[in-house]
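Here the first sequence is numbered in the numbering used here, starting from 96 and rising by one per residue.
All remarks here apply to the structure that follows.
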Amino acid sequence: MARILITSAIPYINGIKHLGNLVGSQLPADLYARYARARGNEVMFICATDEHGTPAELAAAKAGKPVADYCAEMWAVQKELSDGFRLSFDKFGRSSSPQNHRLTQYFAGKLAENGLIEEVSEKQVYSVADGRFLPDRYIEGTCPNCGYDRARGDQCENCTKQLDPTDLIDPRSAVSGSTDLEVRETKHLYLRQSTLKDQLDAWIDGQEGWPILTTSIAKKWLHDGDGLQDRGITRDLDWGVPVRKGDEPWPGMEDKVFYVWFDAPIEYIAATKEWADAEGLDDSAWRRWWRLDEGADDVRYVQFMGKDNVPFHTLSFPATIIGSGEPWKLVDYIKSFNYLNYDGGQFSTSQGRGVFMDQALAILPADYWRWWLLSHTPETSDAEFTWENFQASVNKDLADVLGNFVSRVTKFCRSRFGEAVPGGGAGGAREAALTADLQARLTAYEGHMDAIEVRKSAAELRAMWAAGNEYLQEAAPWAVFKEDPDQAAAIIRLSLNLIRLYAVLSAPFIPDASATMLTALKAEDAEWPDDVGAALDALPAGHGFSVPENLFRKISDEEREEWQARFAGVRS
RNA sequence: GGGCCCGUAGCUCAAUUGGUUAGAGCAGAGCGCUCAUAACGCUUUGGUUGGGGGUUCGAGUCCCUCCGGGCCUACCA
């Protein structure tokens, strides 16, 4: 039994996330959290919404609502969807929480005490009509290079040339279209990451077994050009964590907030405090997960994220932690993911291309999506969602291999022996071989899950399901029954126990179907098995059960074609 | 422009980090079974590992080069 702290990258508050976002961190994190709990570990699984920044302010304005109201509504929507996908967060927090405000200000104060904060005066584009400073990519104009008239201030999408906003010809605000722009002087706080470069480098070198994707991104930032650069941690916005030095005001920074990348990862910690506060627990309850001097020395901390988030988790957030000079818990293992593409292109939030979380749940239950997404997780390279592949996987793996196994066993038993585990007979060589095979597969499954090898875990689980069908075909209880009902009873008794075992082992992937199986079997014991032989003896002769409805229905060709057409274009 | 990643069977992916004859699932073909959601099982077809060159006793794996795809490049978050 160990203590495992798990965080998923926190999704941005703005809008409903698509399946690519889901499989890029939250879903595999949930798989691991469920597995870790099932193995008897003490788990703290944290996620939250990332609520600050310019896009949230603009989306709220567009919706005609105060930002705080808009974020509260969107948080509720995202929370409902995460529940719908059975994401088992211990806390789904909010980066705008008072807890995060205080903690972010606290860290900033510590960094300042340690001489790691510098005030830098810089020039930024200000839009008079919008009454706000504009990030580079919110300025549009004509590209001086290729003449494209919708080039953004950071880069021209047409010729891919990197730009400075002042390079643009006829620049205008992407928010309002106003050309009333001016360059204004503004003062910001910078985190002096460059002074922590060697410490960060040594820390990353000390990590064992991190994916290439993770370390190569970190190394690039550390060593490219002049090495790790200092970064601004404040912004001229209204919505965010007000800049304060711990509990003290920060002179000259009165109207500024911290920049999202600084406060968002701190929310991992703050959300754990949100959890403790909501549970009515005192501070030691969350600090024992995060403070090495207050009980977190035996915690293993695993982070899940998409590859775009790696620099913040390998460098920026560790810089905050290390720079504080206090014994806060650093991450032990980072699991990063590539992207999921949609039917030959990218998922697109702006174009509504692909399947979004709400739409997915409207057409099929969570387990169908969980199974496909997890068994196709983009671990080694980008993966691709196609409706043909989705239909084939769901129909074959879930309906035919697992669902049909449950169906054939329970219905055969009901018709020959009634709705109770039959007694009589005994296992022989075939049953011993099956048990040994499953024991070996269980060990492999656990190995892959421990290593967070998601696709390999799924393949091994499927192989265990398939082993049940192979066994049944060989044992042929329908034929044996005619000559030797006791022997057929022994085969079916084992098969019913196999269903219970599958329910337990499959729960991290398909929690709802697992629950249905356990309920049908009236099984009270859902403990993770140490010994397969013992686990296949859990339901004794005479134990009642009921035949469940089919666990999974099949996706028809007509449905597939309809969905393919419906989700190809603009979200309605 | 610079950096990194990827390219393996019709499709989705493996290959113990340089080690026998490159393996699974799906799809296809054949056979079997009849308990079950026309489900299940067995057998089987299918590869110049993107092209070319090199290092090595040995290369999918390392090096060079070309082709194709993707990501990042610090003010989106």
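Backbone N, C-alpha and C define an ideal beta-carbon position, used for all residues, glycine too.
Just so we're clear, the structure is a prediction, and the values are computed from it rather than from any experiment.
Asked	Found
Cβ contact (3+ pairs, closer than 8 Å) linking the stretch 168-176 and the stretch 141-158	yes
Residues that Gly327 bridges to, as DSSP identifies them	Tyr285
Whole-angstrom distance between Arg386 and Thr329, CA atom to CA atom	26 Å
Span of the beta strand (DSSP E) around Ala143	137-144
Alpha carbon of Ser667 to alpha carbon of Gln446, nearest angstrom	In this predicted model, Ser667 has a pLDDT of only 40, less than 50, meaning its place in the structure is not dependable; the value taken from the coordinates is given anyway. Rounded to whole angstroms, Ser667 to Gln446 spans 10 Å at the Cα level.
First through last residue of the beta strand (DSSP E) which encompasses Asn436	435-437
Bridge partners - Ile99, DSSP secondary structure assignment	Val138, Arg395
Three-state class that DSSP yields for Ile605 in the structure shown	coil
3 or more residues per run - each beta strand (DSSP E) lying fully within the stretch 428-515	428-432, 435-437, 478-480
Status (buried if at least 16 other CB within 10 Å, exposed otherwise) for Gln257	exposed
Whole-angstrom distance between Pro266 and Arg245, CA atom to CA atom	10 Å
For Ala313 and Thr409, the rounded distance between their alpha carbons	6 Å
Minimum C-alpha distance to Pro517 - residue among Cys241, Ala478, Val162, Leu589	Leu589
Inter-residue spacing [alpha-carbon to alpha-carbon] between Ala663 and Gly449	6 Å
Limits of the beta strand (DSSP E) - the one that Phe187 falls within	186-189
Exposure label - Glu657; buried when at least 16 CB within 10 Å	exposed
Neighbourhood of Asn209 by C-beta, 8 Å cutoff - its chain only, sequence neighbours within 5 removed	Gly418, Ser419, Gly420
Counted within 10 angstroms of its Cβ, other Cβ atoms place Leu593 as buried (16 or more) or exposed	buried
Rounded straight-line distance, which links the Cα of Ala104 to that of Ala583	51 Å
Trp423 (DSSP reduced to helix, strand or coil)	strand
Between the CA atoms of Gln398 and Val352 - distance to the nearest angstrom	26 Å
Beta-carbon contacts of Gln250 that lie in its chain and below 8 Å, excluding the five residues immediately before and after	Arg232, Lys256, Gln257, Leu258
Between the CA atoms of Pro346 and Gln56 - distance to the nearest angstrom	No statement about residue 56 is possible, as the shown extent of the chain runs from 96 to 667 and does not include it.
Start-to-end residues for the alpha helix (DSSP H) that takes in Gln200	193-208
Selected residue, minimal CA-CA separation from Thr290, among Gly301, Gln324, Asp300	Gln324
Alpha helix (DSSP H) segment containing Tyr354, residue limits	Where Tyr354 is concerned, there is no enclosing alpha helix (DSSP H), given that its DSSP letter is neither H nor E.
For Val162, three-class secondary structure by DSSP	helix
Beta-carbon spacing of Phe140, Asp185 below 7 Å	yes
Any 3 or more C-beta pairs closer than 8 Å across the stretch 459-472 and the stretch 613-630	no
Sequence-distant residues of the same chain with beta carbon closer than 6 Å to Val355, five excluded per side	His147, Gly148
Simplified DSSP state of Ser216, which is helix, strand or coil	strand
Contacting residues, own chain, Cβ-Cβ under 7 Å from Thr611 (five flanking each side not counted)	Pro643, Leu646
Three-state class that DSSP yields for Gln582 in the structure shown	helix
Any 3 or more C-beta pairs closer than 8 Å across the stretch 566-576 and the stretch 601-609	no
With 16 other Cβ atoms within 10 Å as the buried cut-off, status of His318	exposed
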